[in-house]
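A.B. asks: The listed protein sequences correspond, in order, to chains A and B.
Those letters in the first sequence? Residues 52 to 165, by the numbering used here.
Those letters in the second sequence? Residues 150 to 261, by the numbering used here.
Glycine is no exception: its CB is placed at the ideal position from the N, C-alpha and C atoms.
Remember, it's a predicted structure, so these values are computed and weren't measured experimentally.
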Amino acid sequence: DTAVSQTPKYLVTQMGNDKSIKCEQNLGHDTMYWYKQDSKKFLKIMFSYNNKELIINETVPNRFSPKSPDKAHLNLHINSLELGDSAVYFCASSQVPQGGEPQHFGDGTRLSIL
Amino acid sequence: AQSVTQPDIHITVSEGASLELRCNYSYGATPYLFWYVQSPGQGLQLLLKYFSGDTLVQGIKGFEAEFKRSQSSFNLRKPSVHWSDAAEYFCAVGAAGNQFYFGTGTSLTVIP
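1. Once the 5 residues before and after A:S137 are set aside, which same chain residues still bring their CB inside 7 Å of it?
2. From which residue to which residue does the beta strand (DSSP E) around A:Y61 run?
3. Note down the Cα distance separating A:V139 from A:F115, rounded to an integer number of angstroms.
4. From the DSSP secondary-structure annotation, give me the bridge partner or partners of B:Y174.
5. What span of residues does the beta strand (DSSP E) with B:N224 cover, start to end?
6. Apply the 10 Å Cβ neighbour rule to A:M83 and answer buried if 16 or more other Cβ atoms are within range, or exposed otherwise.
7. Do the stretch 168-178 of chain B and the stretch 188-200 of chain B touch if we need at least three Cβ pairs shorter than 8 Å?
8. Does the beta-carbon distance from A:H155 to A:L94 come in below 8 Å?
9. Going by DSSP, which residues form a beta bridge with A:Q57?
10. Closer than 7 Å, Cβ to any Cβ of chain A: which residues of the stretch 219-237 of chain B, in chain order?
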């Protein structure tokens with residue numbers, strides 16, 4: 052049983068397109084996250100949701116819009132893709148929204164913009 | 150501001166040798182500290198965590214880490230490295246308000 056699953060695993064598309072990445076967790080956690088990992092492996096948090104409510108919204112372009120239909124799902128929609136969006140995007144979850152709670156990660160979605 | 154520093158970008162060790170990966174943090178209060186491992190093409194897996202109490206914590210896969218408040222460090226160690234330990238290792242600090250800060254990672258290569 053995969054605890055945090057993301058789809059697709061790979062996403063290759065052209066500049067200007069709109070794409071979505073889906074994330075689901077079956078751990079019963081209340082909190083979910085999106086991270087961006089750049090080519091130098093640097094991990095930066097983008098968003099965090101707790102029980103479907105946005106609680107962390109870091110400085111990311113408005114082209115990125117998260118949506119949480121329920122607390123087990125957190126999707127990421129990206130409009131007008133740019134070359135700089137190429138990265139690996141990780142979804143994660145934790146039991147509660149506290150800094151002391153370990154996070155469980157999906158395997159990532161590798162986004163490549165042509 | 151909170152920050153996490155991993156001074157070593159890349160480390161190479163021989164299989165069977167001991168390993169120590171360095172992590173320094175900057176945080177005003179007692180931090181929550183974590184080590185994660187990322188194998189190629191995979192997500193991050195939690196190795197161990199420190200919240201309070203005993204400053205030497207044991208994790209999975211034979212790893213341990215020691216919290217030293219005076220040095221603001223949380224170094225990861227393993228007495229004998231296996232080839233399967235080759236991966237990227239991330240130190241992280243959990244702070245109040247659900248903030249989580251990762252270091253820039255240390256890439257470990259294991260040579261036979």
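C.D. replies: Quick answer:
1. L162, S163 and I164
2. Y61 to T64
3. 14 Å
4. B:V153
5. S222 to K227
6. buried
7. no
8. no
9. A:C74
10. E237
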